[in-house]
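Colleague: Residue numbers (our numbering), protein chains in the order written: chain A, 47 to 249; chain B, 47 to 249.
Just so it is clear, CB atoms sit at the ideal spot from N, CA and C, and this is done for glycine as well.
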DNA sequence: CGGTCATTTGAGAAGCCTCAATATTAGTGG
DNA sequence: CCACTAATATTGAGGCTTCTCAAATGACCG
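1. Chain B beta carbons: is any one of them nearer than 8 Å to that of residue 111 (chain A)?
2. 8 Å is my cut-off, CB to CB: does residue 146 (chain B) come that close to chain A?
3. Tell me the DSSP secondary structure of residue 140 (chain B) in three-state form.
4. In this structure, does DSSP put residue 189 (chain A) in helix, strand or coil?
5. What residues in its chain sit with their C-beta under 7 Å from that of residue 238 (chain B), if we drop five residues either side in the sequence?
6. Ignore the nearest five residues each way along the sequence and tell me which others in residue 60 (chain A)'s own chain have a CB closer than 8 Å to its CB.
7. Which of the three DSSP states, helix, strand or coil, is assigned to residue 68 (chain A)?
8. Would residue 139 (chain B) pass as an interface residue toward chain A - the criterion being a Cβ-Cβ separation below 8 Å?
9. Within 8 Å (strictly less), CB to CB, does residue 249 (chain B) reach chain A?
10. Helix, strand or coil for residue 229 (chain A), going by three-state DSSP, please let me know.
11. Please list, in chain order, all residues of the same chain as residue 199 (chain B) whose beta carbon is under 6 Å from its beta carbon, the five residues on each side excluded.
12. Using DSSP's beta-bridge definition, name the partner residues of residue 89 (chain B).
13. In whole angstroms, what separates the C-alpha of residue 95 (chain A) from that of residue 112 (chain B)?
14. When DSSP builds the beta bridges, which residues end up paired with residue 114 (chain A)?
15. Look up residue 222 (chain B) in the DSSP assignment and say whether it is helix, strand or coil.
16. Taking Cβ-Cβ distances below 7 Å as the criterion, which residues of the segment 191-216 of chain B are in contact with chain A?
17. Which bits of chain B does residue 154 (chain A) rub up against, with CB to CB less than 7 Å?
18. Consider the Cβ of residue 96 (chain B): report whether some Cβ of chain A lies at a distance smaller than 8 Å.
19. Can you confirm whether residue 238 (chain A), when its beta carbon is compared against all beta carbons of chain B, has any partner nearer than 8 Å?
20. Short of 6 Å in beta carbon distance, which residues of its chain neighbour residue 181 (chain A), apart from the five on each side in sequence? Order them along the chain.
21. Looking only at C-alpha atoms, which of B:168, B:150 and B:190 sits nearest to residue 97 (chain B)?
In structure tokens:
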């Protein structure tokens, strides 16, 4: 029922929009990007998934994947057959509850970043979000690697890549963070939290 | 297990952020606004729920409501005890699947509007979204009432109320829509769809 | 070392927000 | 039924943020 799959390498598709849905997957290692292509063929980044997080949950409804998922670096997954875990959940109320909770948690996660409408606020919220998510999985909260490109970050945060670059530089100049390529060090997380009007207390 | 509750009147709270979660609810009539208050006490509108839609799904995880819900007009609900429907789902695989599907569908709904970053695109996407949702429930797709205020729409769409007003006026001047107070008539839905880069084919 | 891609930087234009004032609507009490 | 009030909505002007376009720099790979 649970298969260890991978490694996927940077650029490999894990699933594509429109493919029939049969399994959700937990990221064991690496970073996954989910995205859709809009009517003009432009990419719209929906999110990034870190180790410990589950992808494919939005595909249960409609029984097809509504988005694409690609590996941003070397990715290992636990593939979980949905029909089978679903059947098992019928007999194990604890598992069922776990699945309900997992799905519920996923609802409205995107809203966090959407809330703030200054670019600096969105970037601050994004960095804190990644930080919290790494921390929860036992990685360092104040020093981490943003596997994705600036363009992908900007796309996700709905700003031009140039703006993303400038915002990061400004934060770096103010010594709120340190940036070395795609590696980020949070020097003053408190100040970041102040910038992100919507500080997320839940994660 | 299912209680018909209401009527709630405009401004009445259905639940408040932080309250213990015990039930989801289907809207039978009226319009519900869900929102959170950020650290500065500003309201952040998360969404609007129409008849036939379910609220409270994001509260399963954490067992407390993570947001507020208020009635925007006269609202009637079907209140569904979550522990009980959950228990029932264990014995009825069809019901369980239905719940999984419901939760899955809710994931990433907010992302649709977030995608476009011109104010006009977001407004167009919003109007089409409401239209589709009314249509799916058997109401008119091209003529409907936006129960909420301009300020609430603007807040939801992350723009200033003045901008929302101007965008609606522009669309009205171009005869893409007709606006009479809070009543909207879609005169040229095709043109709206073109404006909303991310036209949602799924709903 | 050369080529490709990602990133940064600069300058100008466009979009949107803010502030302020006016207009409209709905509700209230005389 | 008609002021009167409060809330909502619209409109205008100016300024700031962010985007676009263009070019230069830097990182990575064969």
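Modeller: The structure says:
1. With 8 Å as the cut-off, residue 111 (chain A) does not count as an interface residue toward chain B.
2. Yes, residue 146 (chain B) counts as interfacial toward chain A.
3. Three-state DSSP puts residue 140 (chain B) in a helix.
4. Correct three-state label for residue 189 (chain A): strand.
5. The beta carbon of residue 238 (chain B) sits closer than 7 Å to the beta carbons of 170, 173, 174, 222 and 232 from its chain, once the five residues preceding and following it are set aside; these are given in chain order.
6. Here the set comprises 54, 71, 78, 101, 115, 116, 117, 121 and 123.
7. DSSP, read as helix, strand or coil, puts residue 68 (chain A) in coil.
8. Residue 139 (chain B) belongs to the set of residues whose beta carbon lies under 8 Å from a beta carbon in chain A.
9. Summary for residue 249 (chain B): the model assigns pLDDT 36, below 50, so the residue's position carries little reliability; its value from the coordinates is reported in the next sentence. Not one chain A Cβ lies under 8 Å of residue 249 (chain B).
10. In the structure shown, residue 229 (chain A) adopts extended strand secondary structure according to DSSP, grouped into three states.
11. Apart from the 5 residues on each side of it in sequence, residue 199 (chain B) sits with its Cβ closer than 6 Å to the Cβ of 210 in its chain, given in chain order.
12. Paired residues: B:83.
13. Taking C-alpha positions only, residue 95 (chain A) is separated from residue 112 (chain B) by approximately 22 Å.
14. A:81, per the DSSP bridge assignment.
15. For residue 222 (chain B), the secondary structure class from DSSP, reduced to helix, strand or coil, is coil.
16. So the list reads 204, given in the order they occur along the chain.
17. Chain B residues near residue 154 (chain A): 92, 104 and 156.
18. No Cβ of chain A is located within less than 8 Å of the beta carbon of residue 96 (chain B).
19. No, residue 238 (chain A) does not count as interfacial toward chain B.
20. Hits under 6 Å: 187.
21. Checking every option, the nearest Cα to that of residue 97 (chain B) belongs to B:190.
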